[in-house]
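Have a look at the structure below, then the notes.
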Amino acid sequence: QLGQGENAVQPLNDRDGARSLANLTPLGNPGSDRIKLQFQVDGERYLRVTVDDLLTNETLLTNQVVAQLS
6 QLGQGENAVQ PLNDRDGARS LANLTPLGNP GSDRIKLQFQ VDGERYLRVT VDDLLTNETL
66 LTNQVVAQLS
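Below you can see the structure in the form of structure tokens.
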């Protein structure tokens, strides 16, 4: 149970210049699906993401840690 003022999630990329997970080249178009995100929580309670670019058929990130869950 969390105490007052405690966070349940600790972001690992919440600092200037680190809030972007992947760059899209070329940019996407409004209304068109561009990326597929798959999330999982590992045994150490890290939230991980895999990012696939649907336009270029490339995997931009594989199993990247984005947050630590408490």
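Residue numbers (my numbering): 6 to 75. Here a beta-carbon is modelled for each residue, glycine too, at the ideal position from N, C-alpha and C. These figures come from a predicted structure and were not determined experimentally.
Determine, using beta carbons only, whether residue i and residue j come nearer to each other than 8 Å.
i	j	result
LEU74	ARG50	yes
LEU60	LEU26	no
ASP58	LEU29	yes
Name the DSSP bridge partner or partners of residue i?
i	result
THR78	Since the first residue shown for the chain is 6 and the last is 75, residue 78 is missing from the structure and cannot be characterised.
LEU52	VAL46 and ALA72
Please report the distance separating the alpha-carbon of residue i from that of residue j.
i	j	result
PRO35	GLN43	21 Å
VAL46	ILE40	20 Å
SER37	THR55	19 Å
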